[in-house]
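Data first, discussion second: the structure below is written as structure tokens.
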Amino acid sequence: RVLVAQSSRFASLPVLYRALTTMIGVSSPRTGTSTGADVIVADGDDLKKRLAAKVAGLARGKERFVVALSGGSMPKLLAGLLDEDVDWTAWDVFFADERCVPPDDADANVKACREHLFDKIRGEGPRIHALDATLAPAAAAEAYAAELKTCGGRFDLALLGMGPDGHTASLFPGHDAYAKPTGAVAVAVLDSPKPPAERVTFTQATLMVSRAVCFVATGAAKVPVLREILARGDDGALAYASPAPAYPAAQVRAADGKATWFLDSAAGAGL
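Each number in my numbering comes from the position in the sequence shown (counting from 1) with 1 added on.
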């Protein structure tokens, strides 16, 4: 089932999010946990299984599970959910960001997620809330924000990636959509540093009221930024660097200040 958000009278919906006042430690460079962070380093099928187990566990038992997914390498990793016991009928799927292209375009995140995951589900699948790319970007962002409001206004899980520049969703360092917050739930990006230029992204404020946030970062190209986001304290344990660097991926955490990082060995080696 694919639901396309339609334009409405909902303007930007202010979202209040909890200020982050503590830095979070991680106890081990391979699988570390603390009161606020969890860093998991694995490869191949093991990484896929660990991610799937985490996501399935968060969804288990919920009558409604509202999730924001990402593109990039994420859809292939999410295929691990096909081996989990998942009640897909409880899921409402949004995209943390989406390109303003038709849903069958090779650049569309919804297309990648359908091909690698949703089209392979046996039985009834989730409700997929696709961006209406027939609208102008600003109108599409407004409609997407309104669509999220009909599902409770916040995500149970924001499952995000990170680029080598530290961006997440379509929140790029120094870009207005990130650097000049307006209180909007979702915004149009007309000049993305990465093609295609026109996108819609949920804002930092929206992502930071998610009940859970997970990041997936793979490849050696992510090491320089990860070294700035996750630093070792005097005791040798990993923690969020303090003060946190200005990268969007360093700032976005769940409403309780927590985040889980899934890294492959290439990305985690530098830590």
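Cβ atoms here follow ideal geometry from the backbone N, Cα and C, with glycine treated the same way.
Decide if D98 is buried, meaning its Cβ has at least 16 other Cβ atoms within 10 Å, or exposed.
-> Along the sequence shown, read from residue 1 onward, the residue named residue 98 stands at position 97. Burial call: buried.
With distances taken Cα to Cα, identify the nearest neighbour of Y145 among A91, Y179 and R200.
-> Taking the sequence shown and counting its residues from 1, the one referred to as residue 145 is at position 144. Per the Cα distances, R200.
Count the other CB atoms within 10 Å of the CB of T135; is the residue buried (16 or more) or exposed (fewer)?
-> On the sequence shown, position 134 is the one that residue 135 refers to. Exposed is the call here.
Which residues mark the beginning and the end of the beta strand (DSSP E) in which H130 is found?
-> Within the sequence shown, numbered from 1, the residue matching residue 130 stands at position 129. That run of the beta strand (DSSP E) goes R128 to A131.
Per-residue DSSP class, three states only, for I41 = The residue given as residue 41 occupies position 40 in the sequence shown. DSSP places I41 in strand when its eight states are reduced to three.
Sort I41, R212, P225 and A178 by Cα distance to V190 and report the nearest one.
-> The residue given as residue 190 occupies position 189 in the sequence shown. Closest by alpha carbon: A178.
Look up C215 in the DSSP assignment and say whether it is helix, strand or coil.
-> Translated into the one-based positions of the sequence shown, residue 215 becomes position 214. Strand, per DSSP.
Starting from the C-beta of L264, find all residues in its chain whose C-beta is less than 6 Å away, skip the five residues before and the five after it, and write them out in chain order.
-> Here residue 264 refers to the residue found at position 263 when the sequence shown is read from its first residue. Taken in chain order, the residues that qualify are V42 and A218.
Check the Cβ-Cβ distances between A260 and every residue of chain B, and say whether any is below 8 Å.
-> Chain labels in this structure do not include chain B; a single protein chain is all it has.
Identify whether G162 lies in helix, strand or coil by the three-state DSSP scheme.
-> Along the sequence shown, read from residue 1 onward, the residue named residue 162 stands at position 161. DSSP places G162 in strand when its eight states are reduced to three.
Could you please give me the residues that DSSP links to Y241 through a beta bridge?
-> Mapped onto the sequence shown, residue 241 falls at position 240. BP columns for Y241 point to L231.
Contact set for A180: own chain, Cβ-Cβ below 7 Å, skip 5 residues either direction | Position 179 of the sequence shown holds residue 180. Correct list: empty, nothing qualifies.
Under 8 Å, do L161 and T151 count as touching if we go by C-beta distance?
-> Within the sequence shown, residue 161 is the residue found at index 160, counting from 1. Within the sequence shown, residue 151 is the residue found at index 150, counting from 1. Going by C-beta atoms, L161 is not nearer than 8 Å to T151.
DSSP-derived helix/strand/coil call for L191 = Start at 1 with the first residue of the sequence shown, and residue 191 comes out as number 190. DSSP places L191 in coil when its eight states are reduced to three.
Between A222 and the rest of its own chain, which residues show a CB-CB distance below 8 Å, the 5 nearest in sequence each way excluded?
-> Counted from its first residue, the sequence shown places residue 222 at position 221. If we look at A222 and ignore the five residues flanking it on each side, its Cβ neighbours are P165.
Could you check if T183 is buried or exposed, using at least 16 other CB atoms within 10 Å of its CB as the buried criterion?
-> Stepping through the sequence shown from its first residue, residue 183 is reached at position 182. Answer is exposed; the Cβ neighbour count stays below 16.
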